[in-house]
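In short: position in the sequence shown from 1, add 1286, done, that's the working numbering.
We put the CB at the ideal spot given by N, CA and C, even for glycine.
Fair warning: this is a prediction, and the values are worked out from it, not measured in the lab.
What follows is a short report on a single structure.
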Amino acid sequence: MNNEDFQRCSDLWFDDGNIVLQAEQTLFQVYKGVLRRESPVFADMLSLSGQPEEHYGKVPLVRMHDTAEEIKLFLSVIFIHQFMDSRRANPELATIMAVSAKYQAPEVHRRAQALLTLEFPSTLKDYDALRTSPARSSVCQTESDFWALTIAVIKAARRTKENVLLPAAFLRAASHEVTSILAQDALDLEDRIVILAGRDKLSQMARKEPWAVVFSHGFGCGEWGNGCRGEWGRVRDAIEVSTNFIDPFCTVSPPVDRGKLCSQSRAYLLNTHPKAREDAWERLPIMFGLSPWAELVKESA
Ligand SMILES: [Zn+2]
């Protein structure tokens, strides 16, 4: 090969490496045995029968059909220990997830998926944890950060059938303005429609349960003037956000003041509301046309 047009990736160039991978114009010199251990696809590719005919110097060379960025990320997870340590959910993780699915590399896949799951959880408990401490996992400082990550994850999840990430991704997307959702043309139109349809269904669901107490006129103890009504009114204002979307899972800050509620309302808050939230979470994937959680979890395992 003509070596002049190529660049070595200095972070992934080991002098005693025994295989060179070429992706676009970038070369990576790493170790066959490690690649074989991580991925049966690499194991096949590098097996004796599939000995590459090309060399870089004396080292066998394999041309990859991925982008240099994809291979760099994939190899970084494998060969650079600290690479994932400081990582938070970001669009690169979606790339890593997709490439590791292609090469059937379970350990790389697991590590990328674990970090993405912090941001797009499958349980209500984890979703609540994310809301109370959003900084623990996210790089999303701005709306455009949010969309970059969410779109990357939705596309990678669709491609790799990692559908367990989709309900939370769609839910978080649904909390944005309709115009903002429609404007994301990097996302398939079909998925934008799924988000908008789910947004309406979730709002309707939220008005029935878990938030029936503030949206149903029939509810009440007759003491609305003495505190109960005022407190529920405050809650309704807090959850009826300007985006015209009612999130069934939202919490209000400061929390509902139990001291201002009558016993009937208190019972609703303590029993009916949490149970309705759980039930709503169970139905979340269906709101976006996906299989139930149990199947999504099973599929991605
Ligand atoms: Zn009351």
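Per DSSP, what kind of secondary structure is residue i in: helix, strand or coil?
i	result
residue 1299	strand
residue 1368	helix
residue 1525	helix
residue 1392	helix
residue 1542	coil
residue 1342	strand
residue 1532	coil
residue 1537	coil
residue 1258	Residue 1258 falls outside the range modelled here, since the chain spans only 1287 to 1587, and no answer is possible.
residue 1497	coil
residue 1399	helix
residue 1474	coil
residue 1469	coil
residue 1548	coil
residue 1574	coil
residue 1324	helix
residue 1409	coil
residue 1386	helix
residue 1447	coil
residue 1559	helix
residue 1581	helix
residue 1429	helix
residue 1404	helix
residue 1416	helix
residue 1489	helix
residue 1452	helix
residue 1332	coil
residue 1587	coil
residue 1463	coil
Roughly how far, in whole angstroms, is the beta-carbon of residue i from the beta-carbon of residue j, given that I think they are within contact range, below 8 angstroms?
i	j	result
residue 1566	residue 1496	6 angstroms
residue 1357	residue 1324	About 13 angstroms separates the two Cβ atoms, so there is no contact after all.
residue 1461	residue 1529	7 angstroms
residue 1383	residue 1448	6 angstroms
residue 1456	residue 1484	6 angstroms
residue 1436	residue 1458	6 angstroms
residue 1300	residue 1316	6 angstroms
residue 1535	residue 1413	6 angstroms
residue 1387	residue 1446	4 angstroms
residue 1354	residue 1399	That belief does not hold up - the Cβ atoms of residue 1354 and residue 1399 are roughly 23 angstroms apart, past 8 angstroms.
residue 1297	residue 1366	7 angstroms
residue 1450	residue 1582	4 angstroms
residue 1470	residue 1433	6 angstroms
residue 1493	residue 1532	6 angstroms
residue 1538	residue 1527	Going by Cβ atoms, the distance from residue 1538 to residue 1527 rounds to 11 angstroms, so no, they are not a contact pair.
residue 1360	residue 1320	With a Cβ gap of about 12 angstroms, residue 1360 and residue 1320 do not count as contacting.
residue 1514	residue 1551	5 angstroms
residue 1415	residue 1377	Not really, about 22 angstroms apart at Cβ, beyond 8 angstroms.
residue 1554	residue 1480	So it is not a contact: roughly 32 angstroms between Cβ atoms.
What are the partner residues of residue i, as DSSP defines its beta bridges?
i	result
residue 1309	1312, 1350
residue 1590	There is no way to answer for residue 1590, as the model of the chain reaches only from 1287 to 1587.
residue 1293	1312
Between the region 1433 to 1446 and the region 1407 to 1419, are three or more C-beta pairs nearer than 8 angstroms? no
Requested in this report: Could you say if the region 1572 to 1580 and the region 1541 to 1556 meet the contact criterion of at least three C-beta pairs nearer than 8 angstroms?
Outcome: no
- Query: Between the region 1296 to 1314 and the region 1336 to 1352, do three or more beta carbon pairs fall short of 8 angstroms?
  - Reply: yes
_Three CB pairs or more closer than 8 angstroms across the region 1462 to 1479 and the region 1387 to 1405_ = no
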